[in-house]
Amino acid sequence: MNMNTPSLTTESFRDAILRHLTYSFGKDPAHAMLEDWRMALSYAVRDRIVDSWFSATRRSYEAGAKRVYYLSMEFLIGRLLEDGIVNLELVDQAKGALAELGQDYQNVLADEPDAALGNGGLGRLAACFLESLSTLGCPAMGYGIRYEHGLFRQSFRDGRQCEAPETWLLQRHAWEFERPEARFRIGFGGDVKITGERALWTPDEMVEAEAFDTPVIGWKGRWANTLRLWSARAVDPFDLDSFNRGDFAAAAQPEALARTISRVLYPDDTTEQGKELRLKQEFFLTAAALRDILRRFDSEHDDIRALPSKVAIQLNDTHPAVAGPELVRILHDERGLSFDEAMTLAQGTLSYTNHTLLPEALESWPEGLFGKLLPRHLQIVDRIDAAHAARHPSRTQSMRADHEVKMGNLSFVMAHKVNGVSALHTGLMKTTVFEELHGLHPDRIVNQTNGVTPRRWLLACNPLLASLINDTIGEGWFDDLEQLKRLEPHVDDAAWLDRYAQIKRDNKADLAQWMAETQGVKADPAMMFDIQIKRIHEYKRQHMNILETIALWQAIKADPDAHWTPRLKLFAGKAAPGYFFAKDIIRLINDAAEVINADPVTAPFLKVAFLPNYNVTLAERLIPAADLSEQISTAGKEASGTGNMKFALNGAPTVGTLDGANVEIREHVGAENFFLFGMTAEEVMERRKIDGHAAHAIAADPRLAAALATLRDGTFSPEEPDRYAGIADNLEGADYFTVCSDFTDYWRAQREVDAAYRDPKGWARMAALNTARSGWFSSDRTIQGYMADIWGAESLLRNP
Ligand code: 26Q
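Just so you know, we're using this note's numbering here: the sequence shown kicks off at 4 and counts up by one.
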């Protein structure tokens, strides 16, 4: 029970909804639309959240506690209404109250727009972290950008991805509070005047950052932190001279220009690097956040030297890395500290999380562009670099090379801790991209394996499973997920295991019904639901999955009377608009699905579907209904993965490589409950050195050769036979992501999956053990690790 507010009855909750409908929205229940009900319900929930929020804020001030600031260009928060209801334990009251008002709970929840203010894993991790920070009562704040348009909306035309702007802000939503009092002017460009030790930066372009706050409620409403998103606007929104001349377009120009900064989220696209607007966004977020953080610090403390003991700033990847030079600039140029002291204070305050080792994804900026937008910061970067080089004369890796600013090296040097997001990834950081810096600073790199919030990714999205767990071990697992271990003895209880298996069947039936009604996909829930959902990328190898699907189709055709295990292969995910290879993979899967699904011989055993517009809401629908989780990236390339954890938790065993957190998932759930295949990261690096490794693999596996041949002979694109020649060329040629070399073992593992699935009891036991042993992958555990090892922050809850 939340201590701040008395428990709510269904009746009082119904009255609260009606009150908001009437007085906040001016609607008569008889004429209210779905959106009105959704807003009234949201406001009734929000009132309770605000109570917790104020008391948490008061307690943070009273305690003078160290605060954590999470700077991220992305927060993939999804819908928030159910989150609030679940965390305040108001599900029964909300359902009951709406029923009395003649409204359907699920229907009302489904009306909320899905806030897609992120691309994928990195953004969703930030959202899970915010929820865990609140659950743990850690005084914290997230800082991001209030994008007018989040990640694009995806549809398919003739199997091809089409992108349309996403418009979450066009619908009303209940969760943000505009803070006109929290505004800062952010400058760009201009020049620098050096006077002695200091410099004066005079920008020639100014934009105003305005704050919008969203409360983030923790479990049981015991604590709530703030997500503060910045929106850009013009300092002088209106050019009256132009207006008076009758040039109305020019009059509105300043506002339109300024607003472009927070207009749209960049779709993770490494080919788009070097775009001026992206750098402007990064500085806009970072500078506004730092000004806000220092203003709050100054209101509580007198001595700036206390900064590292009162403030911890986490950089979510290098995207806010300009925080290093900007903090040094403020402390040195504006506040008069020596350069060395400014650097020491900044390093003591900042820490950096790396999310990728892909060389093409490591951020760097051309010095011309960087210096044009941030002339003083370029000088400071050079000075930081020189200071670091002076201290470590043997150093070869600079943050200034090839006329670029290397954001990874800058972040490393400016942070007191640098972390990877899984054990394997952290190890690889030390031996690959950060090898030299790690040698110079051997205590700096630490691991914090990712996690996911069990409130959203089990309790809310899988209510049937949650209630079986409650019946079995009680409710302690909500904020102590390792208690799921106590399910283990029950997997050998036949009646209990039957209930577990029935829940998966029910979730599959629900998904099948929804797909039939809304997606035009007819699926038999008796089939194995085999699911791969994530951004489309060569290293994630959706093309290996579809090749295996094609090979399976051919095998079934060749021998339709053999014992095939019926499967539904489900895909979902977006490709960056400029990543043409990834878009070809989408088209191939759609084309192949059309041909395979139309084949009457294989139809009882194999069906393929690609669901459009993957987002958080779709993930919440798919994951509880999954039998099999596809985590098949080239070893060494997926930093961690977090979908893999959500599937395991919801009872879908993994078919996967030893990559990212898969390694730790396998250790936790047990090797016998995980379908392992493929080369290790080391073996991949060795294999690449062998000339013609793909050709060797193809020559050795006729199934692979036959599947690849369909990409050349127009099996799936008769009207354009060479449509997929590009993919075939790539795989038969360099095959950097070793699809061919891993294919044969992938096929073997999939046939093992088939055999295991034919034993329903054995499969259910394996699935249940995945649930029972996934408790360690709670983001509560991850955040406790950051608090202890990186931030030195403490919970302000007595019994978190
Ligand atoms: C960079 C420059 C310009 C525009 C966009 C970007 C950009 C945007 C987003 C670069 C990268 C991203 C996102 C990266 C990401 O999501 N990484 C994933 O992070 C997860 C959380 O740690 C891991 O689980 C995944 O393994 C990792 O791929």
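Ideal placement from N, C-alpha and C gives every residue a C-beta, glycine not left out.
Small disclaimer: the values here were computed from a predicted structure and weren't measured.
### Alpha-carbon spacing of L625 relative to Q505, whole angstroms
L625 and Q505: Cα-Cα distance of roughly 16 Å.
### Query
Can you tell me the Cα-Cα spacing of T12 and W460, whole angstroms?
If you take the alpha carbons of T12 and W460, they lie about 27 Å apart.
### Task
Please say whether L133 and L230 have beta carbons closer to each other than 8 Å?
Yes, they are a contact pair.
### Query
For R163, which residues does DSSP report across the bridge?
The partner list for R163 (beta bridge, DSSP) reads R160.
#### Entry: CA nearest to the CA of V598, picked from D562, R691, F719 and K560
F719
### Query
Can you tell me the Cα-Cα spacing of A463 and T521, whole angstroms?
22 Å
### Message
If I measure Cβ to Cβ from V89 and keep anything under 7 Å in the same chain, skipping five residues before and after, which residues do I get?
### Response
R458, L462 and A463
### Query
Mind checking whether L173 and G121 have CB atoms under 8 Å apart?
Taking 8 Å as the Cβ cut-off, L173 and G121 do not qualify as a contacting pair.
### Task
Could you tell me which residues DSSP pairs with K196 in its beta bridges?
L203
### Query
Which residue from L500, G654 and L83 puts its Cα closest to that of N465?
Measuring C-alpha to C-alpha distances from N465 to each of L500, G654 and L83 identifies G654 as the nearest.
### Query
From R299 to P142, what distance separates their C-alpha atoms?
The C-alpha of P142 is placed about 13 Å away from the C-alpha of R299.
### Straight-line gap, V810 to L427 (C-alpha atoms, nearest Å)
Here the chain covers residues 4 to 803 and nothing more, so residue 810 does not appear.
### Message
For ligand 1, I want to know if N453 counts as a neighbour, meaning its beta carbon is within less than 7 Å of at least one of the ligand's heavy atoms.
### Response
For ligand 1, a non-hydrogen atom lies closer than 7 Å to the CB of N453.
#### Entry: Whether I650 touches V756 by CB criterion (8 Å)
First, the amino acid is wrong: residue 650 is Phe here, not Ile. Against a cut-off of 8 Å, the Cβ pair of V756 and F650 comes out as no contact.
### Task
Look up F511 in the DSSP assignment and say whether it is helix, strand or coil.
Note that residue 511 corresponds to Lys in the displayed sequence, not to Phe. If DSSP states are grouped into helix, strand and coil, K511 belongs with the helices.
### Message
Restricting to Cα atoms, I'd like to know which of F680, A100, A118 and S45 is closest to E85.
### Response
S45
### Task
Please determine, among E38, T785, A315 and W750, the residue with the shortest C-alpha to C-alpha distance to Q451.
T785
### Task
May I ask you to verify whether the segment 695 to 710 touches the segment 737 to 757, counting CB pairs closer than 8 Å and requiring at least 3?
yes
### Task
Please work out which residues of its chain come closer than 6 Å, Cβ to Cβ, to H335, disregarding the five sequence neighbours upstream and downstream, and give them in chain order.
Within the same chain, H335 has close Cβ partners F342 and A345.
### Query
Quick one: what does DSSP say D31 is sitting in, helix, strand or coil?
coil
### Pairwise C-alpha distance: A68 and D306
Each residue's Cα considered, the two are about 15 Å apart.
### Query
Tell me the DSSP bridge mates of Q317?
Y73 and S354
### Query
Mapping DSSP to helix, strand and coil, what is T217?
Collapsing the DSSP output to three states places T217 in a strand.
### Task
With a threshold of 16 other CB atoms inside 10 Å of the CB of P656, please say whether the residue is buried or exposed.
buried
#### Entry: Cβ-Cβ separation, A612 to A596 (assumed contact under 8 Å), whole Å
6 Å
### Query
Using a Cβ-Cβ cut-off of 6 Å (strictly less than) and excluding sequence neighbours within five positions of S777, which residues of its own chain qualify?
Excluding positions up to five away in sequence, the list reads A651 and L652.
#### Entry: CA-to-CA distance, V421 to A642, given in whole angstroms
So the two alpha carbons sit approximately 14 Å from each other.
### Task
Under 7 Å Cβ to Cβ from E685, same chain only, skipping five residues before and after it: list those, please.
none
### Query
For Y760 versus M531, is the C-beta spacing smaller than 8 Å?
Contact flag set, yes.
### Query
Is the closest heavy atom of ligand 1 to the C-beta of R298 under 7 Å?
No, since every heavy atom of ligand 1 falls outside the 7 Å radius drawn around the Cβ of R298.
### Message
Can you list, in chain order, the residues of its chain with a C-beta nearer than 8 Å to that of S781? Leave out the 5 residues immediately preceding and following it.
### Response
S135, G454, V455, T456, P457, L484 and E485
### Message
If you reduce the DSSP assignment to three classes, tell me which class T785 lands in.
### Response
helix
### Query
Does ligand 1 have a heavy atom nearer than 7 Å to the CB of T645?
Checking every heavy atom of ligand 1 against the Cβ of T645, one is found closer than 7 Å.
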